[in-house]
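Heads up, the numbering used here is the position in the sequence shown plus 44, with the first residue counted as 1.
Where is the CB? At the ideal position from N, CA and C, for every residue including glycine.
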Amino acid sequence: MPRGCAEPLRHAVSCAHHHGPKQSVPLARPASEPVIRYGFAGLGLTLDDYLNRQPVTGLLIAKDNTILVERYQYGRTDTDRLASFSMAKTVVGLLIGIAVKEGAIRSINDLAESYVPGLKDTEYGRTPFKALLLMASGVAFSEDYADRSSDLNKLARLTIEPGSPGSLAAVKQFNTRRDAPGVRFSYSSAESLVLGLVLAAATKRTVSDYATEKLWQPLGAEADATWIIDATGQEITFAYVNAVLRDWARLGLMLANRGNWQGKTVVPEDWLTASAADAVPTDSPLTKYGYQIWYSADTRRFALRGLRGQFVFVDPELKLVLVQTALSGGQPETAELFALWNALRAQVR
């Protein structure tokens, strides 16, 4: 198993690949790396300070399709597939948008059970895609990482551990409705898993194969990515896409350009527009949540976000992207990362 497949969880069932094209066009680079300064906790700091202070494995900053900064730590290199955790949820959301545009999914108002017969007469089955995309299914689910008895950890055991029954059987274990669909945001990895089941059923392809054709190849990805799969061969779509840092940057730059990459549409712009327009309030006044993606409160900027410090920040106005990966056992200071990001945005205008 490639290192990148196993990095987040060393006892996973297996992994699938989505492949880039045979040849990739490299991103441009400046003659020298810019000096980046930021303030945090009353201190004046540099990018070197940030990397020394935080358990970051990879950091890449790109603007206008040019890599400004690319750094690695803890033995990682530019050929390692780095952990993403829940950044994978956004990949699923983008693929759903492509499937809607192509007609494989008729409408985001359809119920999940209309595509996945195994969900018939379950609460997730009776939930429209739109509510699932917005983490507002109304189905009770506790997303508690520390509590071994939480629904999240139960879901992980039912999908990831050898001998587990797989994704469909896993989501059917959570079948208590708390709210009507669309009423309230409640972050739930189970909803992303349901979306993956719908995507595979609607396209009649594995999620990895679909991602290869619709994302990785159009982006000119320079390396294969991996996705951990369950015992049935279904991608575990709440997490576990692993890719090299520059390919995460390509994805972010495509999103910064409203779904366009090098003159071609990869993700429909109207899907991205609808995602921002439909974004719902979260538990924080600083963020909203769209179609499996995080937004600033004004929805002008957005981010892919994963557990323990995995991020792709995107500012479409500035065509600016910051990618960070971190040790799976670490916990970078999110407030300091936001301070760095905000200072960066001010400096590159």
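Here aspartate 188 has Ser194 and Leu196 as same chain residues with Cβ atoms under 7 Å from its own Cβ, once five neighbours each way along the sequence are excluded. Annotated three-state conformation of leucine 71 is coil, per DSSP. Counting along the chain, the unbroken beta strand (DSSP E) around glycine 350 starts and ends at 346–350. Secondary structure note for serine 252: its alpha helix (DSSP H) is the uninterrupted segment 251–255.
DSSP places aspartate 268 in no beta strand (DSSP E); its state is neither H nor E.
An exposed status is given to alanine 72, since fewer than 16 other beta-carbon atoms sit within 10 Å of its beta-carbon. Judged by DSSP in its simplified three-state form, asparagine 386 adopts helix. In the three-state reduction of the DSSP assignment, glutamine 375 falls in the coil class, being assigned neither a helical nor a strand state. Within 10 angstroms of the beta-carbon of alanine 379 lie fewer than 16 other beta-carbons, which makes it exposed. Counting the other CB atoms within 10 Å of its CB gives glutamate 235 a total of 16 or more, which places it among the buried residues.
Judged by DSSP in its simplified three-state form, asparagine 286 adopts strand. Contact annotation: the region 277–290 touches the region 118–136, with at least three C-beta pairs closer than 8 Å. Of all alpha-carbon atoms in Ile280, Glu266, Glu257 and Val183, the one lying nearest the alpha-carbon of serine 232 is that of Val183. Cβ-Cβ distances below 8 Å link lysine 107 to Leu362, Lys363, Leu364, Val365 and Val392 in the same chain, with the five nearest sequence neighbours on each side left out; the list follows chain order. Shown here for valine 324: same chain residues with a beta carbon closer than 7 Å to its own, the five before and five after excluded, namely Leu178, Ala180, Phe229, Lys332 and Tyr333 in chain order. According to the DSSP secondary-structure assignment, asparagine 153 is paired through a beta bridge with no residue.
Here DSSP, grouped into helix, strand and coil, assigns glycine 226 to coil. Counting along the chain, no alpha helix (DSSP H) covers tryptophan 260, and no H or E run does either.
Taking a 10 Å sphere around the C-beta of arginine 349, we find 16 or more other C-beta atoms and assign the residue as buried.
Judged by DSSP in its simplified three-state form, alanine 293 adopts helix.
Taking every protein chain shown into account, the CB of leucine 381 has 16 or more other CB atoms within 10 angstroms, so this residue is buried. For serine 211, the number of other beta carbons within 10 angstroms of its own is at least 16, and it is reported as buried. Beyond the five residues adjoining it in sequence on each side, glutamate 114 comes within less than 6 Å, by CB distance, of Leu104 in the same chain, given in chain order.
Judged by DSSP in its simplified three-state form, phenylalanine 355 adopts strand. Looking at the DSSP output, serine 340 shares a beta bridge with Thr331. The residues Leu212, in chain order, have a CB closer than 7 Å to that of glycine 162 in the same chain once the five nearest residues on each side in sequence are set aside. Relative to the Cα of glutamine 217, the nearest Cα in the group Arg192, Tyr168, Val251 and Asp191 belongs to Tyr168.
Within the same chain, Cβ atoms closer than 8 Å to the Cβ of leucine 316 are found at Gly141, Leu299, Arg302 and Gly303, the five residues on either side in sequence being excluded. Restricting attention to Gly296, Thr171, Lys174 and Ser158, the CA atom closest to the CA of alanine 265 is found in Gly296. In this structure, the beta-carbon distance from valine 367 to tryptophan 292 falls below 9 Å.
Annotation for glutamate 77: Val113 place their beta carbon closer than 6 Å to its own, counting only its chain and skipping 5 residues before and after.
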